[in-house]
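Have a look at the structure below before the remarks.
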């Protein structure tokens with residue numbers, strides 16, 4: 690009987706210790722979230738003091754992406770036929786290979802660049818065929834004659850690798866770089882938070898390099914791409930303003946900008 694009581698006391702003590710540890714972990718997480726929220730709020734205030742209005746509802750948090758290395762897969766007769774139908778001809782033109790099919794013509798290079806002239810103009814059909822080749826696109830903007838897309842990797846945008854579909858004379862022409870192939874996850878590294886990326890962005894503006902903007906329209910995470918037959922995708926923050934798109938390297942904080 691005594692041993693039974695001792696066991697119950699030990700179990701009770703262990704339960705108390707576990708609950709105490711759980712409470713400490715929960716308190717630390719709450720403090721961390723609270724601190725992060727306050728940092729975001731301060732960053733919005735800093736931007737506004739510098740004459741820049743922040744339009745999104747809130748600043749994102751961590752950059753939950755890791756680098757990816759993609760070894761581009763070959764583009765050959767089978768892939769061309771899936772885009773433009775049964776092939777009727779193949780020829781080399783300089784550094785590119787041209788495939789003629791029943792529904793169009795494909796010109797490809799070793800670095801994944803494709804130019805596809807479709808005799809059909811059904812956007813949904815074209816996107817479906819591209820998806821079958823490992824290419825996922827998200828519509829970015831549309832004009833009377835052209836549609837611009839952003840290429841995605843597992844739903845994550847790669848803004849520097851657009852695809853453009855131009856309509857003309859009942860058909861259309863698609864230009865893009867096909868980033869499909871064997872993927873390898875790169876070792877994880879510490880990445881910048883969105884608040885830190887915005888601080889780097891503000892520093893860049895204040896350096897007097899000629900960048901002028903008055904609004905931050907959007908802040909989102911994505912990849913930058915580098916390389917030819919083997920492409921390295923690096924996590925980054927994209928700060929879209931009313932005049933420029935600023936790209937903040939997710940590891941180094943280095944900034945590039947384009948209009």
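Numbering (our numbering), first residue to last: 690 to 948. Don't be surprised by glycine CBs; every beta carbon is placed ideally from N, CA and C. Since the structure is predicted, the reported quantities are computational estimates derived from the model, not experimental observations.
Return the residue from the list the options that minimises the CA-CA distance to residue i.
i, options, result
"residue 890", "878, 904 and 780", "904"
"residue 749", "921, 887 and 740", "887"
"residue 949", "930, 937 and 939", "Residue 949 lies beyond the residue range present for the chain, which begins at 690 and ends at 948; the question has no answer from this structure."
"residue 861", "925, 760, 813 and 871", "813"
"residue 805", "869, 853, 900 and 782", "853"
"residue 908", "738, 731 and 751", "751"
"residue 851", "932, 882, 801 and 899", "801"
"residue 755", "732, 880, 799 and 920", "880"
"residue 892", "935, 863, 948 and 869", "935"
"residue 774", "937, 925 and 809", "809"
"residue 753", "926, 894 and 948", "926"
"residue 843", "757, 738, 940 and 815", "757"
"residue 1002", "815, 778 and 910", "Not covered by the structure: residue 1002. The range shown for the chain is 690 to 948."
"residue 863", "747, 877 and 837", "837"
"residue 894", "877, 937, 873 and 918", "937"
"residue 868", "845, 776 and 824", "824"
"residue 835", "822, 845 and 856", "856"
"residue 873", "747, 738, 759 and 737", "759"
Residue i: buried (16+ other C-beta within 10 angstroms of its C-beta) or exposed?
i, result
"residue 875", "exposed"
"residue 793", "buried"
"residue 797", "buried"
"residue 840", "buried"
"residue 742", "exposed"
"residue 820", "exposed"
"residue 946", "buried"
"residue 818", "buried"
"residue 928", "buried"
"residue 901", "exposed"
"residue 719", "Its pLDDT being 40, under 50, residue 719 is placed unreliably in this model, and the value from its coordinates should be taken loosely. The residue in question, residue 719, is exposed, as its Cβ has fewer than 16 Cβ neighbours within 10 Å."
"residue 767", "exposed"
"residue 866", "buried"
"residue 635", "Only positions 690 to 948 of the chain appear in this structure, which leaves residue 635 out of reach."
"residue 899", "exposed"
"residue 769", "buried"
"residue 721", "Summary for residue 721: the model assigns pLDDT 48, below 50, so the residue's position carries little reliability, and this model does not support an answer."
"residue 724", "Any reading at residue 724 must be qualified, since the residue scores a pLDDT of 48, below 50, and its modelled position is unreliable; no value is offered."
Give me the Cα-Cα distance between residue i and residue j, rounded to the nearest whole angstrom.
i, j, result
"residue 916", "residue 897", "31 Å"
"residue 735", "residue 771", "52 Å"
"residue 761", "residue 782", "21 Å"
"residue 849", "residue 944", "14 Å"
"residue 811", "residue 847", "24 Å"
"residue 858", "residue 807", "11 Å"
"residue 740", "residue 884", "17 Å"
"residue 784", "residue 732", "49 Å"
"residue 912", "residue 933", "18 Å"
"residue 952", "residue 920", "The question about residue 952 has no answer here: the residues shown for the chain are numbered 690 through 948."
"residue 826", "residue 765", "21 Å"
"residue 882", "residue 780", "49 Å"
"residue 942", "residue 815", "37 Å"
"residue 906", "residue 730", "16 Å"
"residue 803", "residue 948", "25 Å"
"residue 776", "residue 795", "10 Å"
Item checked: Completely contained alpha helix (DSSP H) runs for the segment 792-857, where each covers 4 or more residues -> Given a length threshold of 4 residues, each whole run of the alpha helix (DSSP H) inside the segment 792-857 is given here in chain order: 812-821.
Notebook entry, point to check: Unbroken beta strand (DSSP E) runs of length 3 or more, entirely within the segment 756-788: which are they?
Noted result: Entirely contained in the segment 756-788, the beta strand (DSSP E) runs reaching 3 residues are, in chain order, 757-761 and 776-782.
Checklist line | Three-pair Cβ contact test at 8 Å for the segment 773-792 versus the segment 831-840 | finding: no
Check: Fully enclosed by the segment 875-936, which alpha helix (DSSP H) runs are 4 residues long or longer?
Finding: 883-895
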